[in-house]
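Per the numbering used here, the sequence shown starts with residue 1, numbered consecutively. One structure is given below, encoded as structure tokens.
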Amino acid sequence: ALAAKQCAADFSFHCTLTDINEETLQAIPVLIKRGFTSFKFYTAYSNLLVPYEDMERAFRVIAEHGAIATVHAENEEQINAAITRLKAAGKTDCRYFLESKPTDSEPSAVRTLIELARRTGVRLLIRHVSSAEGAALIEQAQKEGLEVYGETCPHYLYFDETVYEREHASDYIVNPPIRTAADRAGIWRVLSDGTKFTIGTDDCAFYLKQKRVSDKFYEIPGGMPGIETRLVLLHELGVRTGRISMRRLAEMTSYNPAQLYGLTGRKGQLTPGADADVVLLDTNCDYALTAAQLHEKTDYTPFEGVPLHVRVAYTVANGKVLVENGTDCAVPGAGRLLQRGLPKSLMKE
């Protein structure tokens with residue numbers, strides 16, 4: 001009901017499963033029939049994580065009914081041990097945040113999840129991949145014929161760990177963390193090589209007063225804004241540099257998500273019968289990105305000052321203009337709750 005009042009574009013929901021029992025397992029097929037065909041899990045964070053043995057039970061039900069499991073993949077045990085060690089050493093300011101997320105904390109979780117996908121046959125999407133090794137594991141799983149997909153975010157494709165040396169390093173605390181230049185290059189390699197990835201979620205905006213609430217990394221909320229800047233940054237970093245094609249950009253941000261979230265033929269493609277959802281980019285401009293230019297419900301952008309040569313000229317949803325040359329024309333409530341079907345495989349393409 002809240003979304004129906006506020007959303008100017010079409011919307012749907014993932015269901016996050018945090019407690020696997022007979023009641024929640026029986027709810028999975030009911031939700032699928034109602035058009036909610038994607039489920040999210042966490043392997044970390046005490047109030048969200050699901051033990052692997054319980055996750056396997058849920059994966060089997062999701063696989064049986066043809067839906068998709070998506071997972072935030074980090075190793076809780078490794079992270080907790082690192083935080084305990086850092087606290088004992090008095091290393092609690094933001095420059096030590098990356099040390100609280102050991103190098104293997106993502107790949108170790110990804111390895112286990114791939115094995116669960118192998119055993120259960122579930123279609124799996126690993127969210128917000130931050131490490132070169134995690135991306136390579138997904139690449140290898142696809143070569144083996146498994147339906148294991150990856151998702152990453154622009155902040156992993158632009159920044160490196162030096163952001164945690166900045167004056168306001170807390171602005172860049174996000175889970176998983178921004179890692180090294182080698183990790184960034186490794187993710188770009190996988191994207192450039194055509195591994196089946198999406199770029200489309202994990203934008204969690206806070207105000208600066210929330211991000212700068214403490215100088216202790218473990219007291220700062222994890223997340224950064226990035227919805228409005230996503231397309232222009234990916235074009236600047238990927239298409240303009242020759243790392244990816246324009247077609248590949250559209251594939252990762254539109255076509256692949258539509259296929260995996262059960263919206264084939266309706267979203268993510270310009271074909272007869274599909275919804276008239278179109279973004280027109282102006283690639284003949286030159287400016288520096290600032291928070292003042294944006295419409296996001298926050299007072300900062302982590303990409304402040306980034307030089308750009310592309311901007312969104314028009315955003316069209318269901319044939320109606322939502323944004324025209326930076327002016328917001330959107331009408332709250334115009335968006336529709338999407339009745340989604342079952343995901344489609346990307347492995348056959």
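By construction, the Cβ of each residue, glycine as well, lies at the ideal position given by its N, Cα and C atoms.
- In the DSSP assignment, residue 72 falls within the beta strand (DSSP E) that extends over 68-72.
- By the neighbour-count criterion, in which a residue is buried when 16 or more other Cβ atoms sit within 10 angstroms of its Cβ, residue 259 is buried.
- According to the DSSP secondary-structure assignment, residue 324 is paired through a beta bridge with 314, 327.
- About 6 Å separates the beta carbons of residue 106 and residue 74, which is inside the 8 Å limit, making them a contact pair.
- Of the residues 84, 269, 30, the one whose Cα lies closest to the Cα of residue 64 is 30.
- Counting of Cβ neighbours within 10 angstroms places residue 287 among the exposed residues, the total staying below 16.
- In the structure shown, residue 276 adopts coil according to DSSP, grouped into three states.
- Excluding its 5 nearest sequence neighbours in each direction, residue 76 has C-beta neighbours in its own chain below 6 Å: 44, 49, listed in chain order.
- Measuring C-alpha to C-alpha distances from residue 123 to each of 311, 289, 56 identifies 56 as the nearest.
- Using a C-beta cut-off of 8 Å, the region 229-236 makes no contact with the region 178-192, since fewer than three inter-stretch Cβ pairs fall below that distance.
- When the five nearest sequence neighbours on each side are left out, the beta carbons in the same chain lying within less than 7 Å of the beta carbon of residue 111 are those of 137, in order along the chain.
- Annotation: residue 150 is outside any alpha helix (DSSP H); the continuous beta strand (DSSP E) that includes it extends over 148-151.
- Annotation for residue 309: 236, 240, 283, 285, 286 place their beta carbon closer than 7 Å to its own, counting only its chain and skipping 5 residues before and after.
- In the same chain as residue 204, and ignoring 5 residues on each side of it, the C-beta atoms closer than 6 Å to its own belong to 223, in chain order.
- If only complete runs of 3 or more residues are kept, the region 93-166 shows the beta strand (DSSP E) at 123-126, 148-151, in order along the chain.
- For residue 342 against residue 67, the beta-carbon gap comes to about 7 Å, under 8 Å, which counts as contact.
- Annotated as proximal: residue 35 and residue 339, with beta-carbon spacing under 8 Å.
- Looking at the DSSP output, residue 37 sits in no beta bridge, so it has no partner there.
- The region 191-207 makes contact with the region 149-157, as at least three CB pairs between them are under 8 Å.
- Runs of alpha helix (DSSP H) with 4 or more residues, each lying fully within the region 188-219, are found at 208-211, listed in chain order.
- Each residue's CA atom was taken as its position, placing residue 301 and residue 291 some 5 Å apart.
- Rounded to the nearest whole angstrom, the C-alpha separation of residue 268 and residue 256 is 7 Å.
- Residues of the same chain with a CB within less than 6 Å of the CB of residue 114, apart from the 5 flanking positions on each side, are 141, 148 in chain order.
- Leaving aside the five residues that flank residue 8 on each side, the residues in its chain whose CB is nearer than 8 Å to its CB run, in chain order, 317, 322, 330, 331, 332, 333, 334, 335.
- In the DSSP assignment, residue 91 falls outside any alpha helix (DSSP H) and carries neither an H nor an E.
- Comparing C-alpha distances from residue 131 to each of 159, 118, 116, 120 shows the shortest one belongs to 159.
- For the set 17, 53, 26, the Cα lying nearest the Cα of residue 47 is the one of 17.
- Per DSSP, reduced to three states, the secondary structure at residue 282 is strand.
- C-alpha of residue 146 to C-alpha of residue 117: approximately 8 Å in a straight line.
- Secondary-structure assignment with DSSP links residue 271 through no beta bridge to anything.
- Here residue 288 carries a strand assignment [DSSP, helix/strand/coil].
- In the assembly as shown, residue 11 is an exposed residue. Its beta-carbon has fewer than 16 other beta-carbons within 10 Å.
- For residue 13, the three-state secondary structure derived from DSSP is coil.
- Straight-line measurement puts the Cα of residue 91 at about 18 Å from the Cα of residue 172.
- In terms of Cβ geometry, residue 161 and residue 179 form a close pair [threshold 8 Å].
- Contact check for residue 170 and residue 211: beta-carbon distance about 5 Å, within the 8 Å limit, so the pair qualifies.
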